[in-house]
Amino acid sequence: MRQAKFLVPLGALALALGCADPRITEYEPHTGIITGTVLYQHPTTAGPCGSDLAGNVVITLFRADALPPPQGTNGPVNFIVVPEAEIFNAEPDNGLYSAPFTIPNVPAGRYQIRAFVDADDDFRPTIDLLAQTTGGDVGGGHVDTATGDFLEVEVADDAVTAQVTVSIGRIIPTERPAFAHAGATEYSVPFTTPQPMVISARPQVRENLKMDPACNYFLVQYADVDGDGVVDDTNGDHLPDLFPQVLLRLERTETQTRNIVIPGIIDPLPYQDALAVYPAVPTTTVAVLLPPVAVEIGADGSRTILPAIPAGRYETIVIQSTGQTWQVPNNIDLVDPMGGPDATQAVYVEMKEGPALPPGGVTGSVTVDTEKTGDVYVVAFSAAAPPPPSGTGSPVALATVPAATFTGTGAGRTAPFRLAGLPDGSYILVGLMDVDGDFSPVVSALSQASAGDYSGVLATPVSVQGGLTEGVSLTIGTEIPFDRPAFTIDAGLSVARSAFPATITLTAHAYSALGITEQSAQVPVRLSAGDQEDDNFQDMLPRVLLSRMVDEVDPRGAANDPRGIIIPGLVEPLPFYGPLVAGVPAIPTGVYAVVLPPVAVELSTGAQLAPPPAGRYRINVLSATGQTWSVPNDLDVAFNRVGGPLEDASQARYLTVEDTPLPRGGVSGQVQLTFAPPEGDFSVVVFAFTAGAPPPPLGRGSPVASAVLRKPAFAGGTTAAFTLAPLATGAYTVRAFLDANDDFTPWYGALNQPDATDVGGGYVDERGVLQTVTVDAEAGVTPDVPVTVLEAARYPFDRPAFAAVGPVPVLNPSAGPVTATFAALQEITDVATIQAVFPVQWVDLNADGQAEDINGDGNPDVFPIVVAELLREDDESNLTVDPRGIRVPGIVSPLQFAPLGFPATDPTATATIALATSMQVVFPPLASSDEVPGTPIVPPKGRYRITFVNRFGQTWTVPNALQRATGTPFVASQGVYLTVSE
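If you're matching positions, the sequence shown starts at 745 in our numbering and goes up one per residue.
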């Protein structure tokens, strides 16, 4: 990209060069003279700032090594004025006005020439504030007509440099960048992170300086001061430099004569989209970041980075790409008082001496174990607040290690690093090599690694005590395979407080401004350490945390609730667990489900909140690579996309936890084990059921409240407290079981019931008969309800898990019943171990010694009871039952079990149990419906799930969640269903 190029048509230039030789009117020995022709070509289009496009021509001369803004900060060594009457006194020749010029008394050397037409007659050469171009002037200089680059002119003593052409034809599009501070102007130094400063355009309308308010703006554009066609990055922050340039300069006094500046940084992200279309973007407000460093500029132009920003008063200088400048404070009220005074033009930025930084730090070397190259960043995190994914800590110190400082070649290159300003403590050091140059610690949107970068983490934390910890070695050699885990969620996503646990789905999402595609946004799913959720699956990465936000209108800028309310979500393990446990290091995915448990944590107090409080929640994904993504986020704000065609509304979505009214009732008491607890891990699960809706086999009820008591709750004994809430006013039964082999997983219906060796119980009388608990929600929790876990209630069998033998036949109601064969499931996998049998027994629910007919076929029934239920047509997972409650009874003939010794013809032998490993089930062309109780109907077409219920209340349903257990036999066996055709 090239700056300040002024082009003139070659043909017109040739015509102009045919003019007569210029006159030399002044001469002094031992200096040179520059002579030539100034050409003015009327701009083809009017600029945004109105003017007559005519006036005196001001020609300025600069030493080639001391250029003016924006290439430098120097003033002219000479200037001349070609009067308006001399250049505009005749009709233009082929579209060009021309006049000769002479610059006398030029010492030998190399120079550049700038020029402009003072169209509004406000140039005052003796007053610094008024000695610049203004809006509507027309600029130019001695340039290469093909490229627009300024050319150098060489002058020798006692010689004339002749035939120098100065071309003018480019309208100055803005007034000078007059401004005022619009925010903080006082800072405490030293500081360690960039500090914000805001300036706003403030036009000056005075007697001599008459700025057009409509043209008083900052012209934002990429900077290419050296003209090499590449956008500059002079400070190495990996951000493209922009105009206007904003500098703070320490005020010079009799005792302070050093030239010290703080180079401001303009965040390019708000302008990135517009600058991809237009060469420049006007704005009346500029947000500036002040870095925590100052630079001293020597008399020879050398630059030295100072260890800290000196305290003192600083002037603010703004430099436009046009070379126009403005400074605050200035003397405008003195030199052009009419229209003043303006107090904003007298403001200094004050850097006040604050507390010194802690003396601690870390020094050492960083080694890059790859052939790739790039700048390296060494980042320190407090060990008490580790970085993602293990924590959510933020950096406390950062060191930049430029690629040029590494010694050696290829893998194994090393360079020194130094982290400073650390208080005493323990620190985790993380290294990042930015291979593609798109990491910048200055702006948060770019302060993460991207695909192809390399990282490394020091194995053990570093201790800092009172000074420098030296000799630390950090190696970077792990390639990061993906970009940040950008994702989206469904619009309007909400969960009622009463509906936890819940599951949401995250989908990889492209974000063009960061170069992220759906493919590169995939997240690697990996095994982690431990089982923090106590769901009996090893933890996995990424971590997913939901943080409650404050109730602001725009979620993109909403802060998190200051109490720190977090729902600790977890990636649903079944699709990944089998291969990961088998040794696959990571599984990339673009779609993954997240389980939200029925509890939130308040970080400020450590309290558990069940169910999670109502409100809006931000979803935060912490990848195994340490990269993160949150929705909602403020990226559209950062990239100035809000309200524009590139706005991404998906990044403003959030999860709403609905403020569902919850009853205040509950049941509390003590769980008593009547035997010594297991030596290993175990838990006791306590359930409340509505008395009128008992669980199988007595009914079809589901728990309305539950509590899981882990082994530590028993404190080495046999009792533990429990609470079941919330519960509405009514009558309840309380049941419980001891998960003796610690394989209970609350998220999955296939894994959240007792199996063999588990022990049952509940709120029972001395005979072991369940009792009813009455709850008055207005009075609160019903206390002192004893729950007993009884050795006599130990479960002798696993759940009646099954798989279809061959395809399940299609039930065509017009063709009569169909018969399906099922086998007891026998599988040992890392996901689940199942050793099922079918305990066959006459159904005697009322315990009168006579088998009952519960399916209405006129014959006494046996366990397992079988029923098929219509699934929702729109549920592709086949896990949601149709709300009409349509069921087809499965008829199990007891005669098939006679070879096993079952008394198939004696329905009074209700105590006899035979163990079967397979059985046949007949599905008739009749169904029942909750919409028309007691009236048989023809089963409508659709998919039907199949459920087995045994004598002990254990159930198994297919399809179930295990159909998602990748890498296991369950994928094939646990996704089948009964199909009913028309």
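We put the CB at the ideal spot given by N, CA and C, even for glycine.
Owing to the predicted nature of the structure, the values given are computational and were not obtained by experimental measurement.
Would you mind working out which of Gly816, Arg854, Ser1427, Thr1088 sits nearest Val969, comparing C-alpha positions?
Residue numbering aside, residue 969 sits at position 225 when the sequence shown is read from its first letter. Looking at the Cα atoms, Gly816 is the closest of the given residues.
In the DSSP assignment, what are the bridge partners of Tyr1022?
Residue mapping note: residue 1022 aligns to position 278 of the sequence shown, counting from 1. Assignment of beta-bridge partners to Tyr1022 by DSSP yields no partner.
Determine the direct distance from the alpha carbon of Leu1173 to that of Ser1717, and round the result to whole angstroms.
Within the sequence shown, numbered from 1, the residue matching residue 1717 stands at position 973. Within the sequence shown, numbered from 1, the residue matching residue 1173 stands at position 429. Each residue's Cα considered, the two are about 48 angstroms apart.
Taking DSSP as the reference, what is the three-state secondary structure of Phe1714?
Reading the sequence shown from its first residue, position 970 is the one you call residue 1714. The answer is helix: DSSP assigns Phe1714 an H, G or I state.
According to DSSP, is Phe987 part of a helix, a strand, or is it coil?
Counting from one through the sequence shown, the residue named residue 987 turns up at place 243. Phe987 falls in the strand class under three-state DSSP.
Quick check on DSSP: helix, strand or coil for Leu994?
For the purposes of this step, residue 994 is identified with residue 250 of the sequence shown, where counting begins at 1. Here Leu994 sits in strand by DSSP.
In three-state terms, what does DSSP make of Gly1313?
The sequence position of residue 1313 within the sequence shown is 569, counting from 1. Three-state DSSP puts Gly1313 in a strand.
Exposed or buried, Leu1706, counting other C-beta atoms within 10 Å across all chains shown (16 or more means buried)?
What you label residue 1706 is simply residue 962 of the sequence shown in a count that begins at 1. Leu1706 comes out buried.
Can you list the beta strand (DSSP E) stretches of 3 or more residues lying completely in the segment 1482–1546, in chain order?
1503–1506, 1516–1519, 1531–1538
Quick check on the DSSP output: the beta strand (DSSP E) that includes Gly1410 runs from which residue to which?
For the purposes of this step, residue 1410 is taken as residue 666 along the sequence shown, with counting starting at 1. Its beta strand (DSSP E) spans residues 1409–1417.
Tell me whether Glu919 is buried or exposed, calling it buried when 16 or more other Cβ atoms sit within 10 Å of its Cβ.
Along the sequence shown, one-based indexing puts residue 919 at 175. With 16 or more other Cβ atoms within 10 Å, it is buried.
The alpha helix (DSSP H) spanning Glu828 covers which residue range?
On the sequence shown, residue 828 is found 84 positions in, with the first residue counted as 1. 828–831 is the span of the alpha helix (DSSP H), which, as asked, contains Glu828.
Between the C-alpha atoms of Asp1574 and Glu1391, what's the straight-line distance to the nearest angstrom?
Numbered from its first residue, the sequence shown carries residue 1574 at position 830. Numbered from its first residue, the sequence shown carries residue 1391 at position 647. Computed Cα separation, rounded: 45 angstroms.
Taking all protein chains shown into account, do 16 or more other C-beta atoms lie within 10 angstroms of the C-beta of Val1724, making it buried, or fewer, making it exposed?
Here residue 1724 is taken as the residue at index 980 of the sequence shown, counted from 1. Label assigned to Val1724: buried.
Can you tell me the Cβ-Cβ gap for Glu898 and Thr891, rounded? I've got them flagged as a contact below 8 angstroms.
One-based indexing of the sequence shown puts residue 898 at position 154. One-based indexing of the sequence shown puts residue 891 at position 147. Their Cβ separation, rounded to whole angstroms, is 19 angstroms, which puts Glu898 and Thr891 out of contact at 8 angstroms.
Please confirm whether Val1531 and Val1430 have their CB atoms less than 8 angstroms apart.
Within the sequence shown, numbered from 1, the residue matching residue 1531 stands at position 787. Within the sequence shown, numbered from 1, the residue matching residue 1430 stands at position 686. For Val1531 and Val1430, yes; Cβs fall inside 8 angstroms.
When you compare only the Cα positions, how much space is there between Ala748 and Val1005?
As a working mapping, residue 748 is identified with position 4 in the sequence shown. As a working mapping, residue 1005 is identified with position 261 in the sequence shown. With a pLDDT of 37 at Ala748, under the threshold of 50, the predicted position of this residue should be treated as unreliable, though the coordinate-derived value follows. One C-alpha to the other measures close to 25 angstroms.
What did DSSP end up calling Val1552 once you bin it into helix, strand or coil?
Mapped onto the sequence shown, residue 1552 falls at position 808. If DSSP states are grouped into helix, strand and coil, Val1552 belongs with coil.
In chain order, what residues of the same chain have a beta carbon less than 7 angstroms from the beta carbon of Gly762, not counting five sequence neighbours either side?
Translated into positions along the sequence shown, residue 762 becomes position 18. Its pLDDT being 34, under 50, Gly762 is placed unreliably in this model, and the value from its coordinates should be taken loosely. Taking Gly762 as the centre and dropping the five residues before and after it, the same chain places no C-beta closer than 7 angstroms to its C-beta.
Quick one: residues in its chain with C-beta nearer than 7 angstroms to the C-beta of Gly1137, no 5 flanking neighbours on either side, listed in chain order?
Walking along the sequence shown from the start, residue 1137 turns up at place 393. Excluding sequence neighbours, Gly1137 sits near Phe1125, Ser1126, Ala1129, Pro1130, Pro1131.
Within this structure, are the beta carbons of Val1734 and Val1411 separated by less than 8 angstroms?
The chain is shown only over 745 to 1726; residue 1734 falls outside these bounds and no answer can be derived.
By Cβ distance, which residues of its chain are closer than 7 angstroms to Thr1027, with the 5 residues on each side in sequence left out?
Taking the first residue of the sequence shown as position 1, residue 1027 is located at position 283. Taken in chain order, the residues that qualify are Tyr961, Phe962, Val964.
Whose C-beta lies closer than 7 angstroms to the C-beta of Gly1728 among residues of the same chain, with five residues either side of it excluded?
Lying outside 745 to 1726, the shown extent of the chain, residue 1728 is not represented and no answer is given.
Does the segment 1425–1441 come into contact with the segment 1679–1689, if we say contact requires no fewer than three beta-carbon pairs (one atom in each stretch) closer than 8 angstroms?
Fewer than three pairs of CB atoms, one per stretch, sit closer than 8 angstroms, so the segment 1425–1441 makes no contact with the segment 1679–1689.
Taking the Cβ atom as the reference point for each residue, do Glu828 and Ala852 lie within a distance shorter than 8 angstroms?
Within the sequence shown, the letter at position 84 stands for residue 828. Within the sequence shown, the letter at position 108 stands for residue 852. For Glu828 and Ala852, no; Cβs fall outside 8 angstroms.
Check whether the segment 1000–1015 and the segment 1027–1043 are in contact - that is, three or more C-beta pairs closer than 8 angstroms.
Counting C-beta pairs with one atom in each stretch, the segment 1000–1015 and the segment 1027–1043 have three or more that are closer than 8 angstroms, which means they touch.
How many angstroms separate the CA atom of Val1375 from the CA atom of Asp1234?
Here residue 1375 is taken as the residue at index 631 of the sequence shown, counted from 1. Here residue 1234 is taken as the residue at index 490 of the sequence shown, counted from 1. The straight-line gap from Cα to Cα measures roughly 11 angstroms.
Could you give the uninterrupted runs of the alpha helix (DSSP H) lying entirely in the segment 1321–1367, keeping only those of 4 residues or more?
none
I'd like the list of long-range same chain contacts for Tyr1015, defined as Cβ closer than 6 angstroms, with 5 residues on each side in sequence excluded.
For the purposes of this step, residue 1015 is identified with residue 271 of the sequence shown, where counting begins at 1. Correct list, in chain order: Val964, Val1025.
Assign Phe1320 to one of two classes, buried (16 or more other C-beta atoms within 10 Å of its C-beta) or exposed (fewer than that).
Residue 1320 sits at position 576 when you count from the first residue of the sequence shown. With 16 or more other Cβ atoms within 10 Å, it is buried.
So, using beta-carbon positions, are Gln1515 and Asp1542 closer together than 8 angstroms?
The count along the sequence shown starts at 1 and reaches residue 1515 at position 771. The count along the sequence shown starts at 1 and reaches residue 1542 at position 798. Their beta carbons are not under 8 angstroms apart, which means Gln1515 does not touch Asp1542 by this criterion.
So Val1428 is in the beta strand (DSSP E); what residue range does that whole segment cover?
By one-based count along the sequence shown, residue 1428 stands at place 684. Element bounds for Val1428: 1427–1434.
In terms of residue numbering, what span does the beta strand (DSSP E) encompassing Asp1178 cover?
The sequence position of residue 1178 within the sequence shown is 434, counting from 1. From DSSP, the beta strand (DSSP E) with Asp1178 extends over 1169–1178.
How about Pro1245 and Trp1491: are their beta carbons less than 8 angstroms apart?
If you number the sequence shown from 1, residue 1245 lands on position 501. If you number the sequence shown from 1, residue 1491 lands on position 747. Yes, these two residues count as a Cβ contact at 8 angstroms.
Which value, in whole angstroms, describes the spacing of the CA atoms of Pro1583 and Phe1546?
Taking the sequence shown and counting its residues from 1, one reaches residue 1583 at position 839. Taking the sequence shown and counting its residues from 1, one reaches residue 1546 at position 802. Using only the alpha carbons, I get a separation of about 13 angstroms.
What is the DSSP secondary structure of Ser1558, counted as helix, strand or coil?
On the sequence shown, position 814 is the one that residue 1558 refers to. The answer is helix: DSSP assigns Ser1558 an H, G or I state.
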